[in-house]
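Visitor: Have a look at this one before I ask anything.
Number of protein chains: 2
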Amino acid sequence: MLTPGLPLYQAKAEFFRTLGHPARIRILELLSERDHAVHELLSEIEIEPSNLSQQLGVLRRAGLVLQHREAGEVRYAIALPEVRALLLSARELLSGLIDEQAELRAQLRS
Amino acid sequence: MLTPGLPLYQAKAEFFRTLGHPARIRILELLSERDHAVHELLSEIEIEPSNLSQQLGVLRRAGLVLQHREAGEVRYAIALPEVRALLLSARELLSGLIDEQAELRAQLRS
DNA sequence: CCATAACTTGAAGACTTCTTCATGTCTATA
DNA sequence: TATAGACATGAAGAAGTCTTCAAGTTATGG
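Protein chains in written order, with our numbering: chain A, 49 to 158; chain B, 49 to 158.
The following block contains the structure:
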């Protein structure tokens with residue numbers, strides 16, 4: 049929700065917690081490729097419809113995605129282009145972590 | 049901890065949850081400037097010593113920070129340079145969100 | 001060797017977040 | 001205007017996370 053007047057580091061933490069769910073990550077990744085209707089997301093993500101709605105609600109309230117109705121379906125889109133960059137950043141950090149852990153394991157073996 | 053064999057989107061979610069705490073964000077921000085001893089972090093962050101230790105433990109187990117003992121104090125350092133880039137990415141997204149919300153509020157007023 | 005400073009740890013209760021269920025809304029179409 | 005399809009919502013129990021407390025390490029100085 050990005051409550052105004054909050055210290056920045058607290059807003060950041062809140063924001064990261066919003067990303068801290070596997071379904072929400074998948075939603076954002078799918079949406080950063082292109083817009084999707086809810087039933088399209090549903091066929092890509094293994095999750096119950098009501099659960100998907102809940103997670104979409106979290107992303108919507110956080111201001112990360114936008115919803116609109118079109119031809120009898122509800123479509124979702126990324127609200128900000130920066131989301132893509134952030135997910136990329138995260139991917140790079142993750143592979144850094146994996147390398148680091150591989151090194152640690154190698155050191156343990158030797 | 050970055051459990052191996054986990055789907056990538058789940059590892060990502062886990063990773064973002066690790067960042068989803070105000071104290072942990074502050075720790076990473078301070079450490080991405082320079083190494084700090086625990087008592088130095090303690091004087092910058094308003095938090096109980098045992099709580100700080102807990103949060104440092106979370107970051108350590110996630111492989112984001114490194115610990116070492118030196119001259120009677122315990123010092124922490126960022127484990128990966130990518131952390132800095134990610135925090136920057138997050139900052140930009142956050143300011144994008146703030147702008148977006150300001151626009152929404154402006155539209156509501158008019 | 002004892003005391004102290006600097007940290008860490010495990011455990012427990014308070015608090016949040018998740019998932020699911022039942023129900024509700026909205027829209028197109030027969 | 002009834003019906004069905006496509007989503008959303010509120011509530012509730014289960015599961016996870018936070019903070020703090022008491023107790024434990026580890027090294028250093030007296």
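Beta carbons: idealized from backbone N, C-alpha and C, even for Gly.
Grab me the residues of Ala-150 (chain A)'s own chain with a C-beta within less than 6 Å of its C-beta, minus the 5 sequence neighbours each way, in chain order.
Guide: none
Visitor: Closer than 7 Å by beta-carbon distance: list the chain B residues that pair up with Ile-73 (chain A), in chain order.
Guide: Tyr-57, Lys-60, Ala-61
Visitor: Quick one: does Ala-125 (chain B) have its CB under 8 Å from some CB of chain A?
Guide: Chain A, which has no Cβ nearer than 8 Å to the Cβ of Ala-125 (chain B), makes this no.
Visitor: Excluding sequence positions up to five away, which residues of its chain have a Cβ less than 6 Å from the Cβ of Asp-83 (chain A)?
Guide: Arg-123, Ala-125
Visitor: Name the two residues that bound the continuous beta strand (DSSP E) containing Glu-159 (chain A).
Guide: Any property of residue 159 (chain A) remains undetermined from this structure, which presents chain A solely from 49 to 158.
Visitor: Taking Tyr-57 (chain B) as the reference, which of A:Lys-60, A:Leu-67, A:Ile-73 has the closest Cα?
Guide: Checked all of A:Lys-60, A:Leu-67, A:Ile-73; the closest Cα to Tyr-57 (chain B) is A:Ile-73.
Visitor: Expressed to the nearest angstrom, what Euclidean distance is found between the alpha-carbon atoms of Leu-90 (chain B) and Glu-130 (chain A)?
Guide: 33 Å
Visitor: Checking the sheet assignment: what are the DSSP bridge partners for Tyr-124 (chain B)?
Guide: B:His-84, B:Gln-115
Visitor: For a contact meaning CB atoms closer than 7 Å, what does Gly-111 (chain A) contact in chain B?
Guide: Leu-145, Glu-148, Gln-149
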